[in-house]
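Heads up, the sequence shown is in my numbering, so the first residue is 50 and it goes up one at a time.
For every residue, glycine included, the Cβ atom is placed at its ideal position computed from N, Cα and C.
Each remark here refers to the structure printed beneath this line.
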Amino acid sequence: MTTDYDPKSIEAEVRELWQRHGTFRASEDPGKEKFYCLAMFPYPSGRLHMGHVRNYTIGDVIARFQKMQGKNVLQPMGWDAFGLPAENAAIKNRVPPAKWTYENIEYMREQLKQLGFGYDWERELATCKPDYYRWEQWLFTRLFEKGLAYRKTAAVNWCPHDQTVLANEQVVDGRCWRCDTTVERREIAQWFMKITDYAEELLTDIDRLEGWPEQVRTMQRNWIGRSEGVEMVFDVEGEAPLSIYTTRPDTLMGVTYVAVATEHPLARKAGADNPELQAFIDSCKAAGTAEADLATMEKKGMDTGYQAIHPITGEKVPVWVANFVLIEYGSGAVMSVPAHDTRDHAFALAYHIPIKQVIYPADGSDFSVDNEAYVEKGVLKNSGEFDGLTSGQAFDAIADKLQSMGKGEKQVNFRLRDWGVSRQRYWGTPIPIINCEDCGSVAVPADQLPVVLPEDVDFSEGIGSPIKHMPGFYETECPACGGKAQRETDTFDTFFESSWYYARFTCPDADTMLDERADFWLPVDQYIGGIEHAVLHLLYARFFHKLMRDEGLVKSDEPFSRLLTQGMVLKDGSKMSKSKGNTVDPQGLIDQYGADTVRLFTMFASPPDQSLEW
Numbered sequence: 050m051t052t053d054y055d056p057k058s059i060e061a062e063v064r065e066l067w068q069r070h071g072t073f074r075a076s077e078d079p080g081k082e083k084f085y086c087l088a089m090f091p092y093p094s095g096r097l098h099m100g101h102v103r104n105y106t107i108g109d110v111i112a113r114f115q116k117m118q119g120k121n122v123l124q125p126m127g128w129d130a131f132g133l134p135a136e137n138a139a140i141k142n143r144v145p146p147a148k149w150t151y152e153n154i155e156y157m158r159e160q161l162k163q164l165g166f167g168y169d170w171e172r173e174l175a176t177c178k179p180d181y182y183r184w185e186q187w188l189f190t191r192l193f194e195k196g197l198a199y200r201k202t203a204a205v206n207w208c209p210h211d212q213t214v215l216a217n218e219q220v221v222d223g224r225c226w227r228c229d230t231t232v233e234r235r236e237i238a239q240w241f242m243k244i245t246d247y248a249e250e251l252l253t254d255i256d257r258l259e260g261w262p263e264q265v266r267t268m269q270r271n272w273i274g275r276s277e278g279v280e281m282v283f284d285v286e287g288e289a290p291l292s293i294y295t296t297r298p299d300t301l302m303g304v305t306y307v308a309v310a311t312e313h314p315l316a317r318k319a320g321a322d323n324p325e326l327q328a329f330i331d332s333c334k335a336a337g338t339a340e341a342d343l344a345t346m347e348k349k350g351m352d353t354g355y356q357a358i359h360p361i362t363g364e365k366v367p368v369w370v371a372n373f374v375l376i377e378y379g380s381g382a383v384m385s386v387p388a389h390d391t392r393d394h395a396f397a398l399a400y401h402i403p404i405k406q407v408i409y410p411a412d413g414s415d416f417s418v419d420n421e422a423y424v425e426k427g428v429l430k431n432s433g434e435f436d437g438l439t440s441g442q443a444f445d446a447i448a449d450k451l452q453s454m455g456k457g458e459k460q461v462n463f464r465l466r467d468w469g470v471s472r473q474r475y476w477g478t479p480i481p482i483i484n485c486e487d488c489g490s491v492a493v494p495a496d497q498l499p500v501v502l503p504e505d506v507d508f509s510e511g512i513g514s515p516i517k518h519m520p521g522f523y524e525t526e527c528p529a530c531g532g533k534a535q536r537e538t539d540t541f542d543t544f545f546e547s548s549w550y551y552a553r554f555t556c557p558d559a560d561t562m563l564d565e566r567a568d569f570w571l572p573v574d575q576y577i578g579g580i581e582h583a584v585l586h587l588l589y590a591r592f593f594h595k596l597m598r599d600e601g602l603v604k605s606d607e608p609f610s611r612l613l614t615q616g617m618v619l620k621d622g623s624k625m626s627k628s629k630g631n632t633v634d635p636q637g638l639i640d641q642y643g644a645d646t647v648r649l650f651t652m653f654a655s656p657p658d659q660s661l662e663w
């Protein structure tokens with residue numbers, strides 16, 4: 050009998066025993082209380098890092114504890130396998146993204162098995178497999194037919210290096226967050242999902258997520274951003290009227306200018322006749338458009354020469370093009386009240402625009418707006434028939450006045466915008482639409498799904514999507530008229546795949562999108578993942594769940610009952626990353642100390658929801 054602890058032989062023997070006995074195989078046993086434990090599945094980048102090890106160890110500890118309590122536990126694992134890194138690796142190494150991805154999956158699967166996690170490997174899935182993505186294609190066609198998926202031309206941030214659209218949050222100081230290339234503003238046709246149709250339900254149901262961290266719930270509330278205000282019309286001489294939304298109609302009598310986004314039709318028309326204005330608009334396109342950037346950047350603008358007409362007084366106010374107005378928020382036009390908005394005040398001072406105070410402190414004290422805006426609510430003065438009203442009273446009175454004049458009405462708005470789901474990249478799920486000159490956009494019929502992404506492709510011609518240059522892929526017949534047509538060559542945003550994988554784990558071999566096993570296991574009882582996913586993945590997954598519910602695929606309203614957001618793994622006070630050279634390779638630790646030691650240390654070193662300093 051040896052007295053030395055030999056983790057390699059012990060752990061290998063136990064893993065073989067688990068596999069032989071199907072220890073972690075889950076089945077739908079109604080006689081036992083179910084517990085679905087899920088950690089966010091990984092991108093198969095090549096090797097596990099310590100963040101993976103910590104995340105999956107936390108999930109495994111929870112799952113094993115629940116199993117010891119006699120519950121019927123499901124803990125699956127799979128791969129979030131589409132995405133840009135595979136394309137970049139393909140270009141660098143001259144191998145197809147599929148080959149790179151599948152090789153990484155093989156390696157990382159073995160690493161996870163070495164770590165001894167109690168996964169039901171029979172449920173393993175990879176989002177790049179047609180038997181997975183065919184069902185999101187099917188759902189998309191259903192949503193398209195219901196009007197919940199649509200195509201429109203929209204102004205977007207475009208990275209000329211990666212040749213794809215970037216979200217506003219992915220533009221930092223005017224550059225691509227991934228490759229640091231200067232970002233351009235372009236108008237291109239995009240596919241969108243009408244998440245705004247579910248904004249109210251997504252917001253109100255946050256109150257039901259009692260097992261979620263309050264920080265995440267607050268982040269989602271703020272992201273959805275419900276507000277009550279007034280939508281009104283400012284006429285423009287000789288042009289189409291401007292639709293403007295405000296949450297402060299009590300300040301309407303203090304408007305001294307209107308500002309429009311650089312992409313607004315009025316700005317474009319003004320720029321066409323004014324080279325100096327057009328040069329300013331072009332310069333704005335190179336600046337950051339993330340809200341964080343807009344909050345700190347210098348506010349710049351130019352007078353268009355147009356005059357807007359105040360909807361109540363009839364007074365004319367100038368229309369400016371301003372770099373702080375986003376075309377995708379509201380109508381791309383805002384009323385500007387320098388006396389009562391900090392941003393408008395700074396802009397007015399910079400460009401010598403009049404400042405008219407119409408709100409005064411309710412306690413009768415003085416407040417001068419010469420040097421700063423008065424942003425609090427109060428009592429109206431210099432407001433004609435509304436003088437003496439409180440801000441609250443004026444909200445209703447001015448809204449009623451506008452409605453009686455046919456110039457506006459009360460409205461509930463949301464900060465949330467429809468989800469742009471198309472990407473101009475190759476390694477993703479093909480959007481199941483056929484474009485016909487006569488019939489327009491036509492959904493691919495269900496019996497022709499999946500639209501399979503060709504995996505044996507050539508990236509030698511440079512960056513870009515090879516399927517855009519493959520007639521064998523995009524040339525087809527229109528399902529409606531039988532004429533010549535072309536397949537959509539854009540692919541889905543990879544958040545599309547990760548928005549419903551948790552549900553497919555319940556029935557990965559189903560010959561429909563989901564079957565009755567989904568209602569047995571869902572919702573997920575415990576979900577584990579980083580807080581960085583609070584307002585993208587977690588919001589999209591909630592949206593997808595409600596879409597699936599409304600298609601009759603699931604009965605529950607929410608996907609995840611409880612959420613644990615684990616802390617990051619740090620080294621030398623910062624997040625581990627290859628670029629900083631501060632990574633620790635889990636494989637070396639496993640080889641030296643054994644999986645149990647690595648797992649035990651990651652659980653012992655710090656509470657799960659706090660960062661772990663290595």
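Beta-carbon within less than 7 Å of residue i's beta-carbon, same chain only, minus the 5 sequence neighbours each way: which residues are those?
i: A139; result: P145, P146, W149 and F508
i: S514; result: Q473, R474, Y475 and T538
i: W67; result: F73
i: R64; result: K162 and G165
i: E233; result: W207, P209 and K334
i: G477; result: F131, T540, F541 and T543
i: P494; result: P528
i: R103; result: Q615, V618, T651 and L661
Please check the pair residue i and residue j, which I expect to be a contact at CB under 8 Å, by giving their CB distance rounded to whole angstroms.
i: V265; j: L587; result: 7 Å
i: V214; j: V221; result: Going by Cβ atoms, the distance from V214 to V221 rounds to 16 Å, so no, they are not a contact pair.
i: A529; j: F193; result: No, A529 and F193 are not in contact; Cβ-Cβ is about 13 Å, not under 8 Å.
i: D393; j: V424; result: Contact doesn't hold; Cβ gap of about 10 Å is too wide.
i: M157; j: G578; result: Contact flag wrong, Cβ pair sits at about 17 Å.
i: L97; j: F554; result: Rounded, the Cβ-Cβ distance is 20 Å, inconsistent with contact.
i: L315; j: T253; result: Actually they do not touch by this definition, with Cβ atoms about 36 Å apart.
i: F283; j: P360; result: 6 Å
Tell me which same chain residues have a C-beta within less than 6 Å of the C-beta of residue i, skipping the five on either side of it?
i: R464; result: G274
i: F329; result: M351
i: K595; result: Y247
i: I7; result: What is shown of the chain runs 50 to 663, which leaves residue 7 out entirely.
i: G260; result: S610 and R611
i: G379; result: Y294
Starting from residue i and walking both ways along the alpha helix (DSSP H), at which residues does that stretch end?
i: F114; result: M99 to M117
i: I154; result: P146 to Q163
i: S453; result: S440 to S453
i: L649; result: A644 to F653
i: E546; result: F544 to S547
i: K533; result: It is not in any alpha helix (DSSP H) - K533 instead sits in the beta strand (DSSP E) that spans K533 to R536.
Can you tell me whether residue i is buried or exposed? The criterion is at least 16 other CB atoms within 10 Å of its CB, across all chains shown.
i: V633; result: exposed
i: M117; result: exposed
i: M454; result: exposed
i: K481; result: The sequence shown places Pro at residue 481, not Lys. Result: buried.
i: N121; result: buried
i: A654; result: exposed
i: S76; result: exposed
i: S417; result: exposed
i: Q659; result: exposed
i: D169; result: buried
Compute the distance between the beta-carbons of residue i and residue j, then report whether it is under 9 Å.
i: F541; j: R598; result: no
i: P403; j: T305; result: yes
i: R172; j: M99; result: no
i: C333; j: V370; result: yes
i: W240; j: G469; result: yes
i: Q186; j: P479; result: yes
i: W663; j: L619; result: yes
i: R191; j: P499; result: no
In its own chain, which residues sit with a C-beta less than 8 Å from the C-beta of residue i, not counting the 5 before and 5 after it?
i: G196; result: K243
i: M652; result: T106, I107 and V110
i: A443; result: P298, D299, L429, S432 and F435
i: A590; result: S547, S548, W549, Y551, P608 and F609
Kindly indicate the opening and closing residues of the beta strand (DSSP E) around residue i.
i: I483; result: I482 to C485
i: R200; result: A198 to C208
i: A397; result: Counting along the chain, A397 falls outside any beta strand (DSSP E), though it belongs to the alpha helix (DSSP H) covering T391 to Y400.
i: M242; result: E233 to M242
i: S276; result: R275 to V285
For residue i, decide whether its Cβ has a neighbour in chain D, counting only Cβ atoms nearer than 9 Å.
i: S417; result: This model lacks chain D altogether; it includes just one protein chain.
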